[in-house]
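These notes are about the structure you will find just below.
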Amino acid sequence: MQLLEYYKWQIILEDKTVVDQSEPGEKELFKFNKDNKLFGKIKTFSLVPQVKGLNQITLNLPENSRLIYFRRTIANTGDLFPKFQINMVGWQSTIKNVNFKYIMYIFPDGKVEIAEDDEPKYTEEFVSSLPHRNASDIPGCTGCKPSLERKK
Amino acid sequence: MASPADVNLICNYGAGQTETAITGAGIDFITADNCTNTSGNRTSNPITIPADATNAYSYEKWLKFQLGTTEPDTQVTNFKFWGGGAAIDSGNVKDYYKTTNTYVQPALATTNDGYTAVTAATAGAKASVAGTLNTSGEASSYLVMILEVNSLASQGNMDQQTYNYSYDEN
C-alpha cells in the first residue's frame, strides 16, 4: 500500500479542456484557489489511481458549486507510524444564503468516507492498521521522554 | 500537484530563536532552553520532583510548522495537533500546550495558567495551530508545550510520549 501520492488528479473544464496534474518535481500551474480564473470553470474532477487495487474516483460538480480538494497529511513525532495522506474531494455551494458542503475522504487503502464534520471516523482505524515501530527502537532517544529525579 | 510540500516541525530556542528541525524526531522536556533530543541532554537537565505540593515544570518548548524547500502548489493550512489522550504516570506528570503568534525566548515554566492539558487534544477534538503557508520559510503560529510534575511522580525516565499532527495541502 502506497501512503503518499497514490492518486493523480485530472480536471475537465466546462469547455472540455483536460488538465492533468503535473509530473513529480515540476511546478504545478493549476492553482486551487480563486486567483485561478479556471478554478471556477471545473466541470469534472477525477482522482486517477497510481497503484493497483484502487478505483478511479470522479466528481461531477453541480451547477454553481466550487470544488474542494485537499490532501491531508497525518504524521507524528518519532515516526511511530508512517506518514500518510488522505485525499479530500468535494464541493461547496451557497443556495439561498445556506452553505452546502459535501466532502469525500479517500484513504490510501481505497476506503471512502463521507463525513459531516472535518474528522472522518475511519482515520483512527486506518492508523491502527499501519505498522507501528516500538518506541524503544527509535534511535536517538526521540520523543518526549523526560528524566525525573528526587530532590536530594 | 507535483510533489507533497516539504513541511517541517521546528523547535525554537534562545533569544535569537534558533531553529532545529525535529520532524520525525522529538523534544526533551528538561530544565534548560535547547532543542537537543538525547538521553544525555535529559540526564544533564532533569526535572526535580518537588518534595511538597508545589509543582515543578520544564522549560517551555516552542514549536512551529515551517515550509521547507518544496512549496505547495497553492497552500498548506489547517494545522492540527493532538496527543494520545492517556494520562502520564497516573496523572502525576502532565503535558500542556498553548498557541501564540509571537515568539518569546523560552523560560522555565512556573504555572500552567493559560495552557490546556494535552489530554484534552484528542483525535476527536484536535487543537488548531493557525497558519496558511505558501512559500518556503513561511511558518505557522507557535505551539508552546510544558511538562508539569507533582510530588508523587515516579523517579527515572518517563515513557516516551507521541504527539500527532496533520495539515491540509493543495
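So the protein lines, in turn, are chains A and B.
Just so we're aligned, residue 11 is where the first sequence starts under the working numbering, counting upward by one.
Just so we're aligned, residue 6 is where the second sequence starts under the working numbering, counting upward by one.
Ideal Cβ positions, reconstructed from N, Cα and C, are used throughout, including at glycine.
Only a predicted model underlies this, so the values are computations on that prediction, with no experimental measurement involved.
Using the beta-carbon count (16 or more within 10 Å), is residue i buried or exposed?
i	result
A:D25	exposed
A:T27	exposed
A:D30	exposed
B:G19	exposed
A:I21	buried
A:I78	buried
A:V99	buried
B:Q166	buried
A:V61	exposed
A:L90	buried
A:F110	exposed
B:A135	exposed
B:I54	buried
A:R143	exposed
B:E174	buried
A:I116	buried
B:K99	buried
A:K121	exposed
B:G31	buried
B:V65	Going by the sequence as given, residue 65 of chain B is Glu instead of Val. Counting Cβ neighbours within 10 Å, B:E65 comes out buried, since at least 16 surround it.
A:K37	exposed
B:D78	buried
B:V109	exposed
B:S44	exposed
A:E73	exposed
A:V108	exposed
A:W65	Residue 65 of chain A is actually Asn in this sequence, not Trp. A:N65 comes out exposed.
A:N43	exposed
A:L39	exposed
A:N70	exposed
B:A132	buried
A:P118	buried
Does DSSP put residue i in a helix, in a strand, or in coil?
i	result
B:G161	strand
B:A135	coil
B:G129	coil
A:S56	strand
B:T124	helix
B:D100	strand
A:K18	strand
A:F30	Residue identity differs from the one stated: residue 30 of chain A is Asp in this sequence, not Phe. It is a strand residue.
A:G150	Any reading at A:G150 must be qualified, since the residue scores a pLDDT of 45, below 50, and its modelled position is unreliable; the value itself is stated next. Coil.
Beta carbon of residue i: closer than 7 Å to some heavy atom of the ligand MG?
i	result
B:T43	Inclusion of the ligand MG in the displayed structure is not the case, the ligand content being empty and no account of it being possible.
What are the boundary residues of the alpha helix (DSSP H) that includes residue i?
i	result
B:S49	44-49
Note the first and the last residue of the continuous beta strand (DSSP E) segment covering residue i.
i	result
B:V154	147-154
B:T53	52-54
B:K85	81-87
B:L14	12-18
B:T59	First-last for B:T59: undefined, no H or E at that position.
B:F70	66-72
A:T68	67-70
A:E24	No beta strand (DSSP E) contains A:E24, which DSSP labels as neither H nor E.
B:S171	169-174
B:E24	23-26
Since residue i and residue j should fall inside the 8 Å C-beta cutoff, what is the C-beta to C-beta distance between them, to a whole number of angstroms?
i	j	result
B:E153	B:N106	About 24 Å; that fails the 8 Å criterion.
B:K85	B:S171	5 Å
A:L94	A:I84	For clarity, residue 94 of chain A is Phe in the given sequence; the question names Leu instead. Between A:I84 and A:F94 the Cβ distance is about 6 Å, and since that is below 8 Å, they are a contact.
A:L140	A:P92	6 Å
B:W87	B:N169	5 Å
B:A128	A:T133	7 Å
B:Q80	B:G142	With a Cβ gap of about 15 Å, B:Q80 and B:G142 do not count as contacting.
B:A147	B:A114	Correcting the residue identity first, residue 147 of chain B is Tyr in this sequence and not Ala. That pair is no contact at about 15 Å.
A:Q102	A:R76	5 Å
B:N50	B:T36	5 Å
Could you work out which residues of chain D lie near residue i, taking near to mean beta carbons separated by less than 8 Å?
i	result
B:A144	Of the protein chains in this structure, namely A and B, none is chain D.
Please list the segments of the beta strand (DSSP E) lying wholly inside the region 73-145 of chain A, counting only runs of 3 or more residues, in order along the chain.
With a minimum length of 3 residues, the continuous beta strand (DSSP E) runs that stay inside the region 73-145 of chain A are 76-86, 94-105, 108-116, 122-124.
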